Amino acid sequence: MSRSRLVPDAVLLVVAVVWGGSYLAAKDLAEATSAVAVMCLRFLPAALILLAIAAVRGRLRAVRTVTGPGLLLGTLRAATIALETIGVTLTSATNAGLIIGLSVLITPILESTATRRRLSGQLTAAVLLGFTGVALLVGGEGLSAPNIGDLLIFAAALTRALLGVAGARLTAGGAAVLPLTTIELTCGAIAFTLWGGGPALGSLPHLTGHDWAVLAYLSVGCTLLAFLGQLWATKHTSASRAGILLGTEPAWALSIGIGIAGDTIGPIGLAGGLVLLAAVTWGAAPSTTGARTPFRRRPPDPAAVAPSTPAWTARTPSQHQQPRAAALADSAGSG
C-alpha cells in the first residue's frame, strides 16, 4: 500500500478508535457530573477553539455565509449528541456503541427515499441483518424489549444518518466543510450552555484529575481533533473507503466496553453484536454489482449529451453513488 493511502487510512482508523471510546467516556463523566453538563463541557471549548481558528485565519465572513445550512446541521448534530449522551447513561457503553452503528445502514435508506432510487440487494440484506443483530444484542440471554437507553441510542442513529445525508448534500453543493462545522459546533455549544451551563459550572470545582482527562478526551479528542483528522483524511481518499474505516467504530466500542468498562454480554448478545458489526461493514462497502464510487466526479461526456440537456441527466451510475458514499462517510463519523 502506498504512503499516500496508508497515512489517511491510519488517521481514519484512529478517529474510529477515538469515537469508539467516546461512549464509555461520556458515561463515566456523566456519572461524576450530569449528562447536560457533559454536553456543555464537550461542545463549548471545541466551538471556541474553532471560532478562534476562523478569526486568526480571517474566515469569520466565510462562517457567516453558511449560517443557514450550519444551523440545520448544528440542530441535527446537537440532537444526536444529546440522544447519545443521555442514552448511554441508561444503557451500557457496549450497547450504545453497537446500536449507533445502525446509522451506516439507515443512511442509504434515507438517501434512497430522497432520490427515489431502489436499494441494492446488498444494502437491503445488510439492513435486515443489522436489525437482526440489534434484536439479539438487546435481548441478552433471551429476546426482550429494548430499554429506554437503547431506544434513545437508536433515535441518535436516525439523527446521525439524517446529519450524514444533509451534510453530504450541502458539501456536494459547494458549501465549505470547516465553516459549516464551526457553525454546527457553535450552535450546539449555545444550546447546551443554555441547557446545562449551570450544572456544568457547578460541577467544575468537584472534577478530579481523571474527570478533566476524560473531558479533554471528549472535547479536544472526540470533537475537535477527530473531526479535523476526518476532514483531512477524507480529502485524501475516497468517501467509500472513509465510510468503511469509520464504520469500524462499533467494533472498537465493543472492545472498549468489554475490555475496559467490564461490560458483560451473554452468548446471544455477543452473537448479535458480531452480526451487527458484519452488517455495518457489509453495508458500508461499495456494491459488488455496481461501479465503485470515484473520489472525483467525472464531467459528462460532451458527445453523449446534447447542448440543451441538463448536465445532471448525463451522470453515470457511479456518479449517482457519490452522494451516498459521502453520506456514509459523514454518518459513520459523527462521534
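Numbering-wise (this note's numbering), the sequence shown opens with residue 3 and increments by one.
Note that the Cβ used here is the ideal one computed from N, Cα and C, for glycine as well.
Please read these numbers as outputs of a predicted model, since none were measured by experiment.
Alpha carbon of residue i to alpha carbon of residue j, nearest angstrom
i, j, result
"T283", "F133", "14 Å"
"I111", "A39", "34 Å"
"L100", "M41", "21 Å"
"L182", "V68", "6 Å"
"L43", "L217", "7 Å"
"L220", "L164", "23 Å"
"V9", "A228", "15 Å"
"T184", "R171", "18 Å"
"R243", "G271", "29 Å"
"D265", "A57", "44 Å"
"S36", "D30", "10 Å"
"L180", "P207", "33 Å"
"A116", "D213", "43 Å"
"G89", "G60", "39 Å"
From the options, residue whose alpha carbon lies closest to that of residue i
i, options, result
"A280", "V13, L125, G60", "L125"
"W21", "G275, A286, V222", "V222"
"A49", "C189, W214, G264", "C189"
"L256", "V16, G89, Y25", "Y25"
"I246", "T87, L62, S105, A54", "S105"
"C338", "R7, F45, A37, T35", "Here the chain has residues from 3 to 337 only, and residue 338 is not among them."
"R63", "G89, D30, A178, V16", "A178"
"L248", "G89, I260, D213, G285", "G285"
"V16", "S122, I150, G60, L230", "L230"
"T93", "L154, W197, I51, A191", "L154"
"E86", "F194, N149, A287, A28", "A28"
Presumed contact (8 Å Cβ cut-off) between residue i and residue j, rounded CB distance
i, j, result
"T91", "T161", "Contact doesn't hold; Cβ gap of about 18 Å is too wide."
"D11", "N97", "The pair is not a contact, with the Cβ atoms about 28 Å apart (cut-off 8 Å)."
"E186", "R79", "5 Å"
"L136", "L278", "Per the sequence shown, residue 136 should be read as Val rather than Leu. Contact holds; Cβ gap of about 6 Å."
"A158", "I108", "That belief does not hold up - the Cβ atoms of A158 and I108 are roughly 11 Å apart, past 8 Å."
"A235", "V65", "With 8 Å as the limit, A235 and V65 do not qualify as a contact, their Cβ atoms being about 23 Å apart."
Pick out the complete alpha helix (DSSP H) segments inside the segment 222–274, 4 residues or longer, and give them in chain order. 228–236, 241–248, 251–261
Which full runs of the alpha helix (DSSP H) of 4+ residues lie inside the segment 41–109, going along the chain? 62–67, 69–90, 95–101
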